[in-house]
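The sequence shown maps to residues 63 to 365 in the numbering used here.
Here is the structure we will look at.
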Amino acid sequence: MAKKTYTNEEIQRTANKIRKQVLKFAIERGGCYITQTNSSAETLATLYLDVMNLGDSLGDPDGILFPGVPGPDNMDFPRGSLYNGPTQAPYDRFFLSPAHYACTLYCTLFAVGRISETGIERFNKDGWIFEQIGAEHSPGFETTAGSLAQTISVACGTAHARKLKGEEGTIWCFMSDGELEEGQLWEAIQAAAFYKLDNFVLVCDINGQQIEGPTKEIMNTQPLYDRFTAFGAKTVEIDGHDIQAIKDACRTAHPGQPLVVLCNTKPTHGMPFLDKRTERLHFVNVKTPEQIAEAKAFYDSME
Numbered sequence: 063m064a065k066k067t068y069t070n071e072e073i074q075r076t077a078n079k080i081r082k083q084v085l086k087f088a089i090e091r092g093g094c095y096i097t098q099t100n101s102s103a104e105t106l107a108t109l110y111l112d113v114m115n116l117g118d119s120l121g122d123p124d125g126i127l128f129p130g131v132p133g134p135d136n137m138d139f140p141r142g143s144l145y146n147g148p149t150q151a152p153y154d155r156f157f158l159s160p161a162h163y164a165c166t167l168y169c170t171l172f173a174v175g176r177i178s179e180t181g182i183e184r185f186n187k188d189g190w191i192f193e194q195i196g197a198e199h200s201p202g203f204e205t206t207a208g209s210l211a212q213t214i215s216v217a218c219g220t221a222h223a224r225k226l227k228g229e230e231g232t233i234w235c236f237m238s239d240g241e242l243e244e245g246q247l248w249e250a251i252q253a254a255a256f257y258k259l260d261n262f263v264l265v266c267d268i269n270g271q272q273i274e275g276p277t278k279e280i281m282n283t284q285p286l287y288d289r290f291t292a293f294g295a296k297t298v299e300i301d302g303h304d305i306q307a308i309k310d311a312c313r314t315a316h317p318g319q320p321l322v323v324l325c326n327t328k329p330t331h332g333m334p335f336l337d338k339r340t341e342r343l344h345f346v347n348v349k350t351p352e353q354i355a356e357a358k359a360f361y362d363s364m365e
């Protein structure tokens with residue numbers, strides 16, 4: 063069956079739906095990782111609806127209760143990768159590295175029909191697999207992630223294994239720019255270039271923020287284009303809110319090289335009422351009466 067095609071306008075509406083759902087959670091639960099959604103909504107919507115070759119979801123759309131960590135008595139543990147469909151070639155695989163983007167990923171899966179309304183409402187509810195910080199059992203996650211950039215090494219290893227087996231399919235890894243401060247990332251890119259992993263694509267959300275403040279003030283990693291190029295990657299730098307640019311960049315030819323797509327984004331994109339809160343953009347609280355009223359008014363204005 064041919065893959066359904068979506069217009070840029072349809073993808074933008076999906077990105078808007080992702081933002082609106084995350085803002086809803088922030089209002090209901092006193093805060094959320096809103097700015098990560100604002101910066102990455104177009105990228106994730108485009109990847110899921112247009113760029114990646116994923117099969118139908120194999121995960122329970124309503125989610126399941128967490129049965130515990132893997133072990134001898136729990137070998138049938140849930141895998142978040144099921145929500146991205148089969149992991150066998152020729153299908154692509156998607157690895158999300160920044161675990162705190164979990165709500166954004168769940169809302170993306172909801173917006174594209176891989177999680178139900180019942181499931182998404184179980185976000186951050188005790189006992190369910192939709193944690194605020196995702197892990198290997200969380201919908202859409204391939205592996206436990208975190209702040210040390212481990213995920214890219216797992217993704218590169220997966221791409222290398224496919225290369226060795228002569229299997230088709232692209233391995234996609236999504237990272238945030240705060241993670242680019244970590245050394246393991248650069249080791250992984252160097253290895254991907256050395257092994258000529260042209261079946262690997264790294265997509266980076268460059269929103270200029272990390273937990274302690276602006277990245278340029280905490281640990282400046284620029285110029286990223288020059289650095290990734292020097293490490294052997296084919297590198298493309300774009301406006302991460304431009305859907306056509308995302309499509310084009312992800313289809314850049316890169317024979318014999320890994321591809322890195324640097325998506326320059328804004329953490330308040332789509333929610334201008336947050337512009338005045340630039341001192342606290344990692345996790346946005348919505349707790350005071352003024353904050354709640356402002357967020358609700360904006361939510362009601364969203365399409």
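Here a beta-carbon is modelled for each residue, glycine too, at the ideal position from N, C-alpha and C.
Outcome for residue i when other beta-carbon atoms lying within 10 angstroms are tallied against a minimum of 16
i	result
M137	exposed
N282	exposed
G228	exposed
L127	exposed
N347	exposed
R155	buried
R91	exposed
K349	exposed
L226	exposed
F256	exposed
E241	buried
Q83	buried
G133	exposed
A223	exposed
G245	exposed
P351	exposed
Close beta carbons around residue i, own chain, < 7 Å, minus the five adjacent residues each side
i	result
A253	C218
G93	F345, V346, N347, V348, K349
D118	G147
R184	G125, W190, F192
A439	Residue 439 falls outside the range modelled here, since the chain spans only 63 to 365, and no answer is possible.
Within 9 Å, strictly: CB atoms of residue i and residue j
i	j	result
C235	I268	no
G121	P140	yes
A207	S159	yes
D239	L286	yes
I191	G130	no
T76	V174	yes
I305	N70	yes
H331	S101	yes
T166	L106	yes
L264	A295	yes
L171	M364	no
Q98	Y163	yes
I80	T108	no
G181	P123	yes
N- and C-terminal bounds of the beta strand (DSSP E) containing residue i
i	result
T297	296-301
W234	233-238
F185	That residue, F185, is in no beta strand (DSSP E); it is neither H nor E in DSSP.
R155	155-158
N326	321-326
Counterpart residues of residue i in DSSP-defined beta bridges
i	result
P276	Q271
W190	L127
L264	C235, V322
V84	Beta-bridge pairing links V84 to no other residue.
V348	Bridge partners of V348: none, in fact.
G121	Its beta-bridge partners do not exist; DSSP assigns none.
N146	Beta-bridge pairing links N146 to no other residue.
G133	N136
G93	N347
Residues of its chain near residue i, where Cβ-Cβ distance is below 6 Å and the 5 sequence neighbours each way are ignored
i	result
L144	L120, G121
A221	I233, L259, N261, F262
V113	C312
F335	E356, F360
E204	S143, F157
T297	Y287, F290, T291, V322
E299	Y287, L324
P317	D260
N186	Q194
R176	S119, Y145
Chain B contact for residue i (CB, 9 Å cutoff)
i	result
K338	The chain inventory of the structure shown lacks chain B, comprising one protein chain alone.
Residues of its chain near residue i, where Cβ-Cβ distance is below 8 Å and the 5 sequence neighbours each way are ignored
i	result
K278	G270, Q284
E243	Q272, T277, I280, M281, T283
V216	F157, E204, T205
N115	K65, P152, Y153, D154, G231, T232
L343	T97, Q271, P329, T330, L336
Residue range of the unbroken alpha helix (DSSP H) whose run includes residue i
i	result
H199	Neither: H199 is in no alpha helix (DSSP H) and is coded neither H nor E.
G175	Element bounds for G175: n/a, residue is neither H nor E.
R313	Per DSSP, R313 belongs to no alpha helix (DSSP H) and is neither H nor E.
Q246	245-256
N100	96-108
G228	Segment: none, G228 is in no alpha helix (DSSP H) and carries neither H nor E.
Y287	286-292
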